[in-house]
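Enquirer: Protein sequence lines correspond, in order, to chains A and B. For the first sequence, this note's numbering assigns the number 2 to the initial residue and increments by one for each residue that follows. For the second sequence, this note's numbering assigns the number 2 to the initial residue and increments by one for each residue that follows. For glycine and all other residues, C-beta sits at the position ideal for the given N, C-alpha and C.
Protein chains: 2
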Amino acid sequence: MALTQSETETLANAVDDSMALAEDLFDRLATETADGGGVTRASYGDGEQLAHDMVADAARGLGLEVTTDLAGNAYYVLPGRDRSAPQVMTGSHLDSVPKGGNFDGAAGVVAGLAAQAAMKAAGFDPARDVTVMAIRSEECSSWFRGRHGGHLGSRAALGLMQPAELENAIHLGTGRTLGEQMAACGLDPEKLMASPPHLTARDVSAYIELHIEQGPVLVAEEKPVGVVTGIRGNTRARDGRVLGEYTHSGAVPQAHRHDAVLAGAELLTALDRETEAVLSEGGDIVFAAGQFGTDPDMHSLSKVPGEVRFTLDIRSLDEATLTRMRGCAESVAAEIEARRGVQVDFGGFSVSQPTVMAANHCRLLREGCRALGIPAIDIASGGGHDAQEFDRIGVPSSMIFVRNDNGSHNADEAMEIADFALGTRLLAWMLADAL
Amino acid sequence: MALTQSETETLANAVDDSMALAEDLFDRLATETADGGGVTRASYGDGEQLAHDMVADAARGLGLEVTTDLAGNAYYVLPGRDRSAPQVMTGSHLDSVPKGGNFDGAAGVVAGLAAQAAMKAAGFDPARDVTVMAIRSEECSSWFRGRHGGHLGSRAALGLMQPAELENAIHLGTGRTLGEQMAACGLDPEKLMASPPHLTARDVSAYIELHIEQGPVLVAEEKPVGVVTGIRGNTRARDGRVLGEYTHSGAVPQAHRHDAVLAGAELLTALDRETEAVLSEGGDIVFAAGQFGTDPDMHSLSKVPGEVRFTLDIRSLDEATLTRMRGCAESVAAEIEARRGVQVDFGGFSVSQPTVMAANHCRLLREGCRALGIPAIDIASGGGHDAQEFDRIGVPSSMIFVRNDNGSHNADEAMEIADFALGTRLLAWMLADAL
Numbered sequence: 002m003a004l005t006q007s008e009t010e011t012l013a014n015a016v017d018d019s020m021a022l023a024e025d026l027f028d029r030l031a032t033e034t035a036d037g038g039g040v041t042r043a044s045y046g047d048g049e050q051l052a053h054d055m056v057a058d059a060a061r062g063l064g065l066e067v068t069t070d071l072a073g074n075a076y077y078v079l080p081g082r083d084r085s086a087p088q089v090m091t092g093s094h095l096d097s098v099p100k101g102g103n104f105d106g107a108a109g110v111v112a113g114l115a116a117q118a119a120m121k122a123a124g125f126d127p128a129r130d131v132t133v134m135a136i137r138s139e140e141c142s143s144w145f146r147g148r149h150g151g152h153l154g155s156r157a158a159l160g161l162m163q164p165a166e167l168e169n170a171i172h173l174g175t176g177r178t179l180g181e182q183m184a185a186c187g188l189d190p191e192k193l194m195a196s197p198p199h200l201t202a203r204d205v206s207a208y209i210e211l212h213i214e215q216g217p218v219l220v221a222e223e224k225p226v227g228v229v230t231g232i233r234g235n236t237r238a239r240d241g242r243v244l245g246e247y248t249h250s251g252a253v254p255q256a257h258r259h260d261a262v263l264a265g266a267e268l269l270t271a272l273d274r275e276t277e278a279v280l281s282e283g284g285d286i287v288f289a290a291g292q293f294g295t296d297p298d299m300h301s302l303s304k305v306p307g308e309v310r311f312t313l314d315i316r317s318l319d320e321a322t323l324t325r326m327r328g329c330a331e332s333v334a335a336e337i338e339a340r341r342g343v344q345v346d347f348g349g350f351s352v353s354q355p356t357v358m359a360a361n362h363c364r365l366l367r368e369g370c371r372a373l374g375i376p377a378i379d380i381a382s383g384g385g386h387d388a389q390e391f392d393r394i395g396v397p398s399s400m401i402f403v404r405n406d407n408g409s410h411n412a413d414e415a416m417e418i419a420d421f422a423l424g425t426r427l428l429a430w431m432l433a434d435a436l
Numbered sequence: 002m003a004l005t006q007s008e009t010e011t012l013a014n015a016v017d018d019s020m021a022l023a024e025d026l027f028d029r030l031a032t033e034t035a036d037g038g039g040v041t042r043a044s045y046g047d048g049e050q051l052a053h054d055m056v057a058d059a060a061r062g063l064g065l066e067v068t069t070d071l072a073g074n075a076y077y078v079l080p081g082r083d084r085s086a087p088q089v090m091t092g093s094h095l096d097s098v099p100k101g102g103n104f105d106g107a108a109g110v111v112a113g114l115a116a117q118a119a120m121k122a123a124g125f126d127p128a129r130d131v132t133v134m135a136i137r138s139e140e141c142s143s144w145f146r147g148r149h150g151g152h153l154g155s156r157a158a159l160g161l162m163q164p165a166e167l168e169n170a171i172h173l174g175t176g177r178t179l180g181e182q183m184a185a186c187g188l189d190p191e192k193l194m195a196s197p198p199h200l201t202a203r204d205v206s207a208y209i210e211l212h213i214e215q216g217p218v219l220v221a222e223e224k225p226v227g228v229v230t231g232i233r234g235n236t237r238a239r240d241g242r243v244l245g246e247y248t249h250s251g252a253v254p255q256a257h258r259h260d261a262v263l264a265g266a267e268l269l270t271a272l273d274r275e276t277e278a279v280l281s282e283g284g285d286i287v288f289a290a291g292q293f294g295t296d297p298d299m300h301s302l303s304k305v306p307g308e309v310r311f312t313l314d315i316r317s318l319d320e321a322t323l324t325r326m327r328g329c330a331e332s333v334a335a336e337i338e339a340r341r342g343v344q345v346d347f348g349g350f351s352v353s354q355p356t357v358m359a360a361n362h363c364r365l366l367r368e369g370c371r372a373l374g375i376p377a378i379d380i381a382s383g384g385g386h387d388a389q390e391f392d393r394i395g396v397p398s399s400m401i402f403v404r405n406d407n408g409s410h411n412a413d414e415a416m417e418i419a420d421f422a423l424g425t426r427l428l429a430w431m432l433a434d435a436l
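1. Below 8 Å on the Cβ atoms is my contact criterion, and I expect S44/B with L153/B to pass it. Report the Cβ-Cβ distance as a whole number of Å.
2. Listed from N- to C-terminal order along the chain, which residues in the region 308-331 of chain A have their beta-carbon within a distance smaller than 8 Å of any beta-carbon of chain B?
3. Tell me, to the nearest whole angstrom, how far the beta carbon of S206/B is from that of R129/B; I am working on the premise that it is less than 8 Å.
4. Of the choices A290/B, L179/B and T312/B, whose alpha-carbon is the least far from that of G348/B?
5. With DSSP collapsed to three states, give me the class of T322/A.
6. Considering only their Cβ atoms, is the gap separating L159/B from E390/B smaller than 8 Å?
7. Which one of R327/A, D319/A and A264/A has the shortest CA to CA distance from P306/A?
8. What's the gap between the Cα of G342/A and the Cα of P297/A?
9. Around the Cβ of G1/B, are there at least 16 other Cβ atoms within 10 angstroms (buried) or fewer (exposed)?
10. Could you list which residues in chain B have their beta carbon closer than 7 Å to that of V1/A, in chain order?
11. Helix, strand or coil, according to DSSP, for H152/B in the structure here?
12. At 8 Å on the CB atoms, spell out the chain A contacts of P306/B, in chain order.
13. Mark G124/A as exposed unless 16 or more other C-beta atoms lie within 10 angstroms of its C-beta, in which case mark it buried.
14. Buried or exposed: I375/B, going by 16 or more other Cβ atoms within 10 Å of its Cβ?
15. Any Cβ of chain B within less than 8 Å of the Cβ of D260/A?
16. Expressed to the nearest angstrom, what Euclidean distance is found between the alpha-carbon atoms of E80/A and E66/A?
17. Would you give the residue range spanned by the beta strand (DSSP E) that N361/A belongs to?
18. As a quick exercise: from S7/A, A59/A, R146/A and L12/A, pick the residue whose alpha carbon is nearest that of L1/A.
19. Closer than 6 Å by C-beta to M120/A: which residues in its own chain qualify, once you throw out the five before and the five after it? Chain order, please.
20. Would you say L280/A faces chain B, with C-beta separation under 8 Å as the test?
21. List the residues of chain A whose Cβ lies closer than 8 Å to the Cβ of A21/B, in chain order.
22. Using a Cβ-Cβ distance cut-off of 8 Å, determine whether G37/A contacts chain E.
23. Determine the DSSP secondary structure at A86/B, reduced to helix, strand or coil.
24. If we count the other Cβ atoms within 10 Å of its Cβ and call it buried at 16 or more, is N235/A buried or exposed?
25. So, with DSSP's three-state summary, where would you put T68/B?
26. Return no unless some Cβ of chain B is closer than 8 Å to the Cβ of E267/A.
27. Taking the alpha carbon of F402/A as the reference point, which residue from R340/A, T32/A and G109/A has its own alpha carbon closest?
28. Let me make sure I understand the geometry here. Which of P87/B, A202/B and M55/B has the alpha-carbon closest to that of D28/B?
29. Would you mind stating whether D204/B and P87/B have Cβ atoms separated by less than 8 Å?
30. Report back the beta-carbon spacing between I394/A and A165/A to the nearest angstrom; my notes put them in contact at under 8 Å.
31. Given this structure, state the Cα-to-Cα distance separating F293/B from F293/A, to the nearest angstrom.
32. Less than 8 Å separating the beta-carbons of R310/A and R233/A?
33. If I'm right that H410/B touches G101/B with Cβ under 8 Å, what's the distance once you round it to whole angstroms?
34. Have a look at G216/B and A335/A and give me their C-alpha separation to the nearest angstrom.
35. Taking Cβ positions only, does S439/A come closer than 8 Å to chain B?
36. Of the choices V228/B, R42/B, L51/B and N74/B, whose alpha-carbon is the least far from that of A381/B?
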């Protein structure tokens, strides 16, 4: 049942009052994890630990219960009237990419804390526990190489982590395995694996995550808030290679060549066209080959390139589109292999399913925007988020995006505190009663 | 005037007899400049000097006059009846690329010496001096960075070297300037620059160079010898860049992106098609982007790539084709820039003119192949050679290619001595009387 208009206004004002706390946390996080213009908070590393210590202190200062789980995730709990009822949860992660921005992740944790502070200050007495989860290692793709399932902190809490990941994921900075890296943070990964999940679908009635938008849509549309309808799934090739033959770039006739770069360029151009076709049919898709290059130890201006390595990242809200693009890549590659005498090896495609956000959450979020007078649009999330892991185990889940200029994963993230306040009003409105 | 059939046979047999000398030189060169499977004879460095000393000794052993010029090139002279008449010259270079093959360069010097030995042994009394030039620093692109005109030894001898090159060319191994590197070889580069050219068009009636083929054409065509019709010119971009914008590869809609890799791939694919069009019209062209890549410090699987660096190497026997391809690159780039919101910067195109071999030489070479029963085809040279510098100052010039497997500039060069003997027969036939 939604709040009355008077309750809505009281809570909104209390959220505005809690912005001093939020700004203080953002400022101190930026200062104390500063690294060359941006911030660095390594997954299961120093910067992340510093952020956890700082925000947990603030939570204790607000009189919240603070606990942790075996994976090092923290929980700030505003107790509800029925302590045994499934809790309403919000949260996000406190790690960052190397030299990233101050808001990707931290905004969701700080917003949760500000919402809890506002609920306390406004005298809201929740029916059930309202918990903020400060999650570990969401940015693990930037910190751990090797085969792992991503979103390490939330997946560990939800029982989705496999024991093999503790060995297979290798920290890019320290060279330690994930297990060793967790142990170095004072955790006990063996106990983690031997124990039941910290959270199950029975423990959580709803998960809602506030996050900065990582793209330019809200800026372009001049809207402070986005109601996330889904998280794009992806299909990725991390270790793509085209193998041709290194030869003299003047003396070998074109027809005798096996040019890996021209073969690779033709493949990307074909995938680019298929992407345009999906979009022109009204489908949802983004596509990039973020890494593509010849071997600096082998290549030369005057050699036909014999090898190129590449990555592919194809994302869509629609699983059928991912399947279509993978099929396109494979059939175009086969044709290029036959014609050019090269070998195209995608190194296997990983697949991550799209997530459709809980329909009742989305409906309530739109209702909340109307009640609070917040201009908002529906939006797709291009990046993966911990919310999709909650969805995976069956927790009704959703996300609020806050307008942010210059994208994320860089030092220039630019979220206005006024937009953050609107997003936090919406979050508090959902946590206080709606869910 | 060509040799009689009887003279031709006598000379051919004498050439076969001189193969023992040639094989001995090849073996000793390979052994004494061995480096990790291949050979290393640094331009104006130790391996080159060792080769010069060894082959000059062999020339003296044959009773030839041996001289050098101020650039360190050596001349082995079989005196003619008229010592004042312009000489007939052959030759090639004795340096190699790092860990290169035994025959690229050395084959031409050894063939010249073997031809002189055969002429002496068969009692040929040439009308004019027949000179073998052992040239310095033809592989200078692999040894000296910085702005220089290439083919340093021959260009110095022919008066084509600019004084600034002595300062601008920096040896990759020693860090010395070209001038310092020459001085370390006991040469006097200042005196070289202050002196008139060692060779002018008035001093040389013809230059003919035997060289291994650097491509696969003679192997594929099953011909031991190629009559080189021209040396491809080239137009090159050494410092090409596409500048786009790094953004999140999931969150930024395709239409908001400025993807440097997709822009670069589209450019290369367009140039590849234009190359095919030139070939289908019967034109001569080869094209490669030997280096193409995103920045390892900036790129990521999950970032839209904001920059790619590339090289272009476009070669043709026809200058108009080079102009056409440059025009194609520039117009396609302008269209891509406008559509994708990226910047394509070729960093300036260098241009090296094609060289058309002397028509009378080519005619005589084909006639010689017939007289000697050597299966041969016309062939283009894709790589640059000292012969083009002789052509540049107006000396009628030509080249003989000898079949060679596995390309050149690598340890696996594979020239059969039987093919070399046929090429040397043709060279001796040209030197003895034809030119």
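Expert: Per the coordinate set shown:
1. Here residue 44/B is taken as the residue at index 43 of the second sequence, counted from 1. Here residue 153/B is taken as the residue at index 152 of the second sequence, counted from 1. S44/B to L153/B, Cβ: 7 Å. Contact.
2. V309, T312, D314 and R316
3. As a working mapping, residue 206/B is identified with position 205 in the second sequence. As a working mapping, residue 129/B is identified with position 128 in the second sequence. So it is a contact: roughly 7 Å between Cβ atoms.
4. Within the second sequence, the letter at position 347 stands for residue 348/B. Checking every option, the nearest Cα to that of G348/B belongs to T312/B.
5. Walking along the first sequence from the start, residue 322/A turns up at place 321. In the structure shown, T322/A sits in a helix (DSSP, three-state: H, G or I).
6. In the second sequence, residue 390/B corresponds to position 389, counting from 1. In the second sequence, residue 159/B corresponds to position 158, counting from 1. Yes; because the gap between Cβ atoms is below 8 Å, this pair is in contact.
7. Here the question's residue 306/A lines up with position 305 in the first sequence. Closest option to P306/A, Cα to Cα, is A264/A.
8. On the first sequence, residue 342/A is found 341 positions in, with the first residue counted as 1. On the first sequence, residue 297/A is found 296 positions in, with the first residue counted as 1. Looking at the two C-alpha atoms, the distance is approximately 23 Å.
9. Because chain B is modelled from 2 through 436, residue 1/B falls outside the range shown and cannot be assessed.
10. It is not possible to answer for residue 1/A, since the shown part of chain A is limited to 2 through 436.
11. Position 151 of the second sequence, counted from the first residue, corresponds to residue 152/B. Of the three classes helix, strand and coil, the one that applies to H152/B here is coil, per DSSP.
12. In the second sequence, counting from the first residue as 1, residue 306/B sits at position 305. Here the neighbours are A289, A290, G291, Q292 and F293.
13. The count along the first sequence starts at 1 and reaches residue 124/A at position 123. Answer is exposed; the Cβ neighbour count stays below 16.
14. The residue you call residue 375/B lines up with position 374 of the second sequence. Per the 10 Å Cβ criterion, buried.
15. As a working mapping, residue 260/A is identified with position 259 in the first sequence. Yes - at least one Cβ of chain B is within 8 Å of the one on D260/A.
16. The sequence position of residue 80/A within the first sequence is 79, counting from 1. The sequence position of residue 66/A within the first sequence is 65, counting from 1. Here residue 80/A is Pro; the residue named in the question, Glu, does not match the sequence. One C-alpha to the other measures close to 8 Å.
17. By one-based count along the first sequence, residue 361/A stands at place 360. From DSSP, N361/A is part of no beta strand (DSSP E) but of the alpha helix (DSSP H) over A360 to L373.
18. Not covered by the structure: residue 1/A. The range shown for chain A is 2 to 436.
19. Position 119 of the first sequence, counting from 1, holds the residue named residue 120/A. Result list for M120/A: A433, in chain order.
20. Residue numbering aside, residue 280/A sits at position 279 when the first sequence is read from its first letter. Judged by the 8 Å Cβ criterion, L280/A is in contact with chain B.
21. Here residue 21/B corresponds to residue number 20 of the second sequence, with the count starting at 1. Chain A residues near A21/B: none, gap ~30 Å exceeds 8 Å.
22. Looking at the structure shown, chain E is missing, and the protein chains on hand are A and B.
23. Walking along the second sequence from the start, residue 86/B turns up at place 85. Three-state result, A86/B: coil.
24. Against the first sequence, residue 235/A aligns to sequence position 234. Buried.
25. Within the second sequence, numbered from 1, the residue matching residue 68/B stands at position 67. Taken through DSSP and simplified to helix, strand or coil, T68/B comes out as strand.
26. The count along the first sequence starts at 1 and reaches residue 267/A at position 266. By the rule that beta-carbons nearer than 8 Å mark a contact, E267/A touches chain B.
27. Numbered from its first residue, the first sequence carries residue 402/A at position 401. When each option's Cα is compared against that of F402/A, the closest is G109/A.
28. For the purposes of this step, residue 28/B is identified with residue 27 of the second sequence, where counting begins at 1. That would be M55/B, whose Cα lies nearest to the Cα of D28/B.
29. Translated into the one-based positions of the second sequence, residue 204/B becomes position 203. Translated into the one-based positions of the second sequence, residue 87/B becomes position 86. In this structure, P87/B lies closer than 8 Å to D204/B by Cβ.
30. For the purposes of this step, residue 394/A is taken as the residue at position 393 of the first sequence. For the purposes of this step, residue 165/A is taken as the residue at position 164 of the first sequence. Incorrect: roughly 20 Å between the Cβ atoms, too far for contact.
31. Looking up residue 293/B in the second sequence gives position 292. Looking up residue 293/A in the first sequence gives position 292. When rounded, the distance between both Cα atoms is 8 Å.
32. Taking the first residue of the first sequence as position 1, residue 310/A is located at position 309. Taking the first residue of the first sequence as position 1, residue 233/A is located at position 232. Going by C-beta atoms, R310/A is not nearer than 8 Å to R233/A.
33. Counting from one through the second sequence, the residue named residue 410/B turns up at place 409. Counting from one through the second sequence, the residue named residue 101/B turns up at place 100. Right, the Cβ-Cβ distance comes to about 5 Å (below 8 Å), so this counts as a contact.
34. The residue labelled residue 216/B in the question sits at position 215 within the second sequence. The residue labelled residue 335/A in the question sits at position 334 within the first sequence. Cα-Cα distance, rounded: 27 Å.
35. The question about residue 439/A has no answer here: the residues shown for chain A are numbered 2 through 436.
36. Indexing the second sequence from 1 puts residue 381/B at position 380. The shortest C-alpha separation from A381/B is found at V228/B.
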